[in-house]
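I have placed the structure first, in the form of structure tokens, so that the comments after it can refer back to it.
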Amino acid sequence: MYAAAASVGLAFVIGRILGQFREIVIGARFGTGFEKAAYDAAFRVPDTIFLLVMSGAFGSAFVPVFAEYLSQRQMRKAWRLASNVLTLMVEGYAAFALVAFLFADPLVRYVIAPGFEPVTQALTIELTRILLLSPLFLGLGAAAKSLLESHDNFTLPAYAPVAYNAMGLLGAIFLVPRFGVEGLAWGIVAGSVAHFALQLPGLTRLGMRYLFLPKPVAEGVRQVGRLLGPRIIGQAAFQLNFFLIMTNFASRLGEGQTAALGYGYQLMMLPHGLLAISVSTVIFPLMARLYVGRQFAELKTTFGDALRPLFFLTLPASVALMILARPIVQTIYQRGDFGPESTALVAAVLPPFAAGLVALALVETCARAFYAMQDTRTPLIASLLTIAINLALAFALARRFGGPGLAASMSLTTALEMLVLVAVLRRRIGPFDVAVWTALIKSALATIVMAAVLLFIRERLSLVTDPQLSRGTALGRLAIFALALFIGLYTYLVAAWTLRTRELLELTERFGGRFQRLLTRRR
Numbered sequence: 008m009y010a011a012a013a014s015v016g017l018a019f020v021i022g023r024i025l026g027q028f029r030e031i032v033i034g035a036r037f038g039t040g041f042e043k044a045a046y047d048a049a050f051r052v053p054d055t056i057f058l059l060v061m062s063g064a065f066g067s068a069f070v071p072v073f074a075e076y077l078s079q080r081q082m083r084k085a086w087r088l089a090s091n092v093l094t095l096m097v098e099g100y101a102a103f104a105l106v107a108f109l110f111a112d113p114l115v116r117y118v119i120a121p122g123f124e125p126v127t128q129a130l131t132i133e134l135t136r137i138l139l140l141s142p143l144f145l146g147l148g149a150a151a152k153s154l155l156e157s158h159d160n161f162t163l164p165a166y167a168p169v170a171y172n173a174m175g176l177l178g179a180i181f182l183v184p185r186f187g188v189e190g191l192a193w194g195i196v197a198g199s200v201a202h203f204a205l206q207l208p209g210l211t212r213l214g215m216r217y218l219f220l221p222k223p224v225a226e227g228v229r230q231v232g233r234l235l236g237p238r239i240i241g242q243a244a245f246q247l248n249f250f251l252i253m254t255n256f257a258s259r260l261g262e263g264q265t266a267a268l269g270y271g272y273q274l275m276m277l278p279h280g281l282l283a284i285s286v287s288t289v290i291f292p293l294m295a296r297l298y299v300g301r302q303f304a305e306l307k308t309t310f311g312d313a314l315r316p317l318f319f320l321t322l323p324a325s326v327a328l329m330i331l332a333r334p335i336v337q338t339i340y341q342r343g344d345f346g347p348e349s350t351a352l353v354a355a356v357l358p359p360f361a362a363g364l365v366a367l368a369l370v371e372t373c374a375r376a377f378y379a380m381q382d383t384r385t386p387l388i389a390s391l392l393t394i395a396i397n398l399a400l401a402f403a404l405a406r407r408f409g410g411p412g413l414a415a416s417m418s419l420t421t422a423l424e425m426l427v428l429v430a431v432l433r434r435r436i437g438p439f440d441v442a443v444w445t446a447l448i449k450s451a452l453a454t455i456v457m458a459a460v461l462l463f464i465r466e467r468l469s470l471v472t473d474p475q476l477s478r479g480t481a482l483g484r485l486a487i488f489a490l491a492l493f494i495g496l497y498t499y500l501v502a503a504w505t506l507r508t509r510e511l512l513e514l515t516e517r518f519g520g521r522f523q524r525l526l527t528r529r530r
């Protein structure tokens, strides 16, 4: 599992770096102005369609049923099921996309961004209609991803987001100067096409044969439908709970807050994509097969083995983002049209976002465990429970604290969802092993030591990374910032080593052995 997760993690690193470069280019060109706010808000409807229709079908609902056929070596039934679900998914997309295209105007003006100025609303509507093309190809890519990962082929699916972010970056560099913010949207559409196209060779090698089956006729479709129903409602709850509520409320606070929340969320998702998604991606098909084989003890062990590195990695990442929020934003974004005002807005929302990083990682992993056990209802109930609470929290905190209040509301409701999922899962598979709690405690202690060091250097670092106060070059500021991160990382690793943290010992043993073998070969 560690090797596969490391491979997936490397792809996530490359993809996230490219995505972050795209955000840097966007920030330098648009800052936290109305065009960036419109661009962020325009994703709400296409993302909702993708999550409800495309991603849901070939995510939690399809993989457990497909894996069951694979375990029984019923290949013809497996591919027939895949063809049928794929056809129905595309039909569903076409219906939703057509309605969204026709009603984009009222959706933006009255649901997504009622607080925007008319010119920003008009731009959001235009960008929404362009971006409606992307869910089709991202959905086909999600289908390919599920099929390949069900066969333990993680490489092409892991690098598909790299292609997506690369095309988005090229759009930001080459299309924006000529077409403005619309060029960004077309770059995203091109990225979604690349996301799917990169995985096609893998499907060909698997021997997939597509059959056009426009009606639910294949065996297993009804079972997928039963699993998909709660998943669709859960995804709708997720979109409503976080993105639609957050965008709606943020639009009433000013367009700068909408853009700032977008930047802050992207920064928080950088470690989340690398750590939580890479681990949960690898364990999902494995746990699905273990559940089908009724190997419940192994399933519990696999889940525990996933939690330990998550604690070890996400705790220090969360605290580092909170403590170094301003230097991070200054180093990454502050240039061009992204000035001190924009830095202040983003640096204010990043800490409350980062506070929910651990909870978000656990929600992702726990939800995958339930999906592997063919239970989509429990994550649905957990999502529904948080909607009313998030609505009340967002309303109260946004009025008092603005954008940071909305970010805090998201983190608090994520923590609540995490507690519900962990409690139910604990009853389902039994108490977690002592090793899981030991990993949590030792990671927390090492993080406290790291936090003390980062707090000591934070103010000095902020003076160096501020382009207006520092006389150094951008490269020099980046080098000093990287040195500060290294000091924090080194402190954390020394503390973890002193505590004999199992996760660190396993990593050093694994990579130390490979390094020793490499030296032996060279001799």
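Heads up, the numbering used here is the position in the sequence shown plus 7, with the first residue counted as 1. Don't be surprised by glycine CBs; every beta carbon is placed ideally from N, CA and C. None of these values were measured; they are calculated from a predicted model.
Here DSSP, grouped into helix, strand and coil, assigns R333 to helix. Separation of the CB atoms of A401 and S416 is rounded to 4 Å, and the pair is thereby assigned contact status at 8 Å.
The C-beta of K222 has fewer than 16 other C-beta atoms within 10 Å across all chains shown, which makes the residue exposed. The beta carbon of A362 sits closer than 8 Å to those of S325, M329, A415, S418, all from its chain and outside the five residues before and after it, given in chain order. For the 8 Å CB-CB criterion, L247 and I394 form a contact. It is roughly 12 Å from the alpha-carbon of L512 to the alpha-carbon of A502. For P184, the uninterrupted alpha helix (DSSP H) run begins and ends at 183-186, by DSSP.
The beta carbon of A35 is closer than 7 Å to those of R342, G343, D344, F345 in its chain, skipping five residues each way along the sequence. Straight through space, the alpha carbons of L58 and G99 are spaced by roughly 12 Å. The C-alpha of T211 lies about 37 Å from the C-alpha of L364. Secondary structure at F123: coil, using DSSP grouped into helix, strand and coil.
Under the three-state reduction of DSSP output, F50 falls in the coil class, being neither helix nor strand.
Ranked by how close their Cα comes to the Cα of A192, the residues E371, Q128, L140 have L140 in first place. Taking all protein chains in view, the Cβ of V471 is crowded by 16 or more other Cβ atoms within 10 Å, so the residue is classified as buried. The beta carbon of G26 sits closer than 6 Å to those of N172, all from its chain and outside the five residues before and after it, given in chain order.
Shown here, F345 sits in a strand according to DSSP, grouped into three states. Beta-carbon to beta-carbon, A405 and L352 are separated by about 14 Å, too far to satisfy the 8 Å threshold. For the 8 Å CB-CB criterion, I464 and I494 form a contact. Looking at A403, G198, A313, T383, the one whose alpha-carbon comes closest to that of A368 is A313. When C-beta atoms of the segment 224-237 are compared with those of the segment 68-77, three or more pairs fall below 8 Å, so the two segments count as touching.
Of the other Cβ atoms in all chains shown, fewer than 16 fall within 10 Å of the Cβ of D159; this residue is therefore exposed. Annotation: the continuous alpha helix (DSSP H) that includes Y100 extends over 82-109. Q230 has its alpha-carbon roughly 34 Å from the corresponding atom of I195. Taking a contact as a CB-CB distance under 8 Å, the pair A165 and A379 does not count as one, their CB atoms being some 19 Å apart. Counting only unbroken stretches of 4 or more residues, the alpha helix (DSSP H) elements lying wholly within the segment 143-184 are 162-177, in sequence order. At a Cβ-Cβ threshold of 8 Å, P142 and G22 do not count as neighbours. In its chain, beyond the 5 residues on either side, F161, L163, P164, Q206, G209, L210, L213 have a beta carbon closer than 8 Å to the beta carbon of L155.
Looking only at P316, L482, L392, the smallest Cα-Cα distance to K449 is reached by P316. Non-local C-beta neighbours of M61 in its own chain, meaning closer than 7 Å and more than five positions away in sequence, comprise M96, Y100, P142, L145, G146, A149, ordered along the chain.
Within the segment 241-308, the runs of alpha helix (DSSP H) at least 4 residues long that lie entirely inside it are, in chain order, 252-260, 262-279, 285-299.
Boundaries of the alpha helix (DSSP H) around P411: 410-436. If you draw a straight line from the Cα of N397 to the Cα of G410, it is about 14 Å long. With respect to T338, L496 sits apart: the two C-beta atoms are not nearer than 8 Å. Ranked by Cα distance from A201, the first of Y217, F186, A151, F319 is A151.
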